[in-house]
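Peer 1: One structure is given below, represented as structure tokens, and several questions about it will come after.
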Amino acid sequence: MQEDKIFSITYPYSLNKIERSIESNDITTKLFVLDVDNENTLSGYNSIMNALANASREDYILNFDYLHENNAIT
407 MQEDKIFSIT YPYSLNKIER SIESNDITTK LFVLDVDNEN TLSGYNSIMN ALANASREDY
467 ILNFDYLHEN NAIT
């Protein structure tokens, strides 16, 4: 009959004081929106760059929901 062997592991560092800090001040979600073919428009496609509500004429949408949910911005 074989006896069970006991092993001991020694860590050189104390793992009792591990801390985690999250820096989320710069988190945003950037969604690029591709153009969509549309035969009913003069250019032949739909694009958010041409939308009247898009004053900056960018082809992406920024989402700050994460920062709002964590009260980082109001």
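For the sequence shown, our numbering begins at 407 and goes up steadily by one.
Cβ coordinates follow ideal geometry from the N, Cα and C atoms, glycine included.
For D443, which residues in the same chain have their Cβ closer than 6 Å to its Cβ, ignoring the five residues on either side in sequence?
Peer 2: A distance below 6 Å between beta-carbons, with the five flanking residues on each side excluded, links D443 to the following residues of its chain, in chain order: Y451.
Peer 1: Assuming L437 contacts Y466 (C-beta within less than 8 Å), just tell me the rounded distance between them.
Peer 2: That belief holds up - the Cβ atoms of L437 and Y466 are roughly 6 Å apart, short of 8 Å.
Peer 1: Could you spell out where the beta strand (DSSP E) holding Y466 opens and where it closes?
Peer 2: Y466 to N469
Peer 1: In angstroms with no decimal places, state the Cα-to-Cα distance between L468 and V439.
Peer 2: 11 Å
Peer 1: Using a threshold of 8 Å, state whether the C-beta atoms of N446 and I454 are closer than that.
Peer 2: no
Peer 1: Helix, strand or coil: which one does DSSP assign to L440?
Peer 2: coil
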